[in-house]
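Q:
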Amino acid sequence: MQELRPLISIITATYNSMKYFEETKRTVLSGDVADFEWIVVDDGSSDGTREYLLGLQDERLKLHLKSINSGIEDSYGKGIELAKGKYLLILDHDDTIPGGSLSKRIDWLERHPQANAAFGAVAYMDEKGVIYKESKFPFLRS
2 MQELRPLISI ITATYNSMKY FEETKRTVLS GDVADFEWIV VDDGSSDGTR EYLLGLQDER
62 LKLHLKSINS GIEDSYGKGI ELAKGKYLLI LDHDDTIPGG SLSKRIDWLE RHPQANAAFG
122 AVAYMDEKGV IYKESKFPFL RS
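Structure (structure tokens):
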């Protein structure tokens, strides 16, 4: 039996991520696209992140727990290797997906099959959740 391919694979690398991860989780699991897999690669966290991840219950979540910290590049590489989706989103452990943005990017990619990537605005926030800077990728049109 062939496994169904999700529309998008969301890949998150974590390392001692408890400070921010709850908001990341909230926006991924309550987003506007239901057909996804969320691959979370933990890079040997020691702050309770691993235990927290093991307690999450969602069939779309796929955990890969590394025993030692080997760096973010290795973690994202492993996530990409495990990904089965048509599209791929790299989402850092302290990032969120604004409402509606994921479906807009997928819709744009579906309408432009020659495109290799779709970008969205990035908002930078401090530890208190206050946005202090936004980037709209001025080097891109549309």
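Going from the sequence shown to the working numbering is simple: count from 1 and add 1.
Where is the CB? At the ideal position from N, CA and C, for every residue including glycine.
Predicted model, so just to flag it, every value in this text is computed and none were measured.
1. Relative to the C-alpha of Arg51, which candidate in Ile107, Trp39, Ser68 and Arg61 has its C-alpha closest?
2. At the level of alpha carbons, what is the spacing between Glu131 and Asp95?
3. Since Lys85 and Pro7 should fall inside the 8 Å C-beta cutoff, what is the C-beta to C-beta distance between them, to a whole number of angstroms?
4. For Ala35, count neighbouring Cβ atoms within 10 angstroms of its own Cβ and tell me buried if that reaches 16, exposed if not.
5. With a CB to CB cut of under 7 Å and the five nearest residues on each side skipped, what residues in its chain are close to Ala116?
6. With C-beta atoms as the reference, is Tyr53 less than 9 Å away from Ala14?
7. In the DSSP assignment, what residue or residues form a beta bridge with Glu135?
8. Go to Lys26, then tell me how far its alpha helix (DSSP H) extends in each direction, as first and last residue.
9. Would you list the residues sitting across from Trp109 in a DSSP beta bridge?
10. Helix, strand or coil: how does DSSP classify Ile11 here?
A: Taking the definition as stated:
1. For the purposes of this step, residue 51 is taken as residue 50 along the sequence shown, with counting starting at 1. Per the Cα distances, Ser68.
2. Taking the sequence shown and counting its residues from 1, the one referred to as residue 131 is at position 130. Taking the sequence shown and counting its residues from 1, the one referred to as residue 95 is at position 94. It should be noted that the sequence gives Val, not Glu, for residue 131. The straight-line gap from Cα to Cα measures roughly 13 Å.
3. Residue mapping note: residue 85 aligns to position 84 of the sequence shown, counting from 1. Residue mapping note: residue 7 aligns to position 6 of the sequence shown, counting from 1. Contact holds; Cβ gap of about 6 Å.
4. Taking the first residue of the sequence shown as 1, we reach residue 35 at position 34. Its Cβ having fewer than 16 others within 10 Å, Ala35 is exposed.
5. As a working note, residue 116 is residue 115 in the sequence shown. Within the same chain, Cβ atoms closer than 7 Å to the Cβ of Ala116 are found at Leu110, the five residues on either side in sequence being excluded.
6. Residue 53 sits at position 52 when you count from the first residue of the sequence shown. Residue 14 sits at position 13 when you count from the first residue of the sequence shown. For Tyr53 and Ala14, no; Cβs fall outside 9 Å.
7. Sequence index remark: in the sequence shown, residue 135 carries index 134 (1-based). Within the DSSP secondary-structure output, Glu135 pairs in a beta bridge with Ala124.
8. Mapped onto the sequence shown, residue 26 falls at position 25. DSSP places Lys26 in the uninterrupted alpha helix (DSSP H) bounded by Met19 to Leu30.
9. For the purposes of this step, residue 109 is identified with residue 108 of the sequence shown, where counting begins at 1. Bridge partners of Trp109: none, in fact.
10. Taking the first residue of the sequence shown as position 1, residue 11 is located at position 10. The DSSP-derived three-state label of Ile11 is strand.
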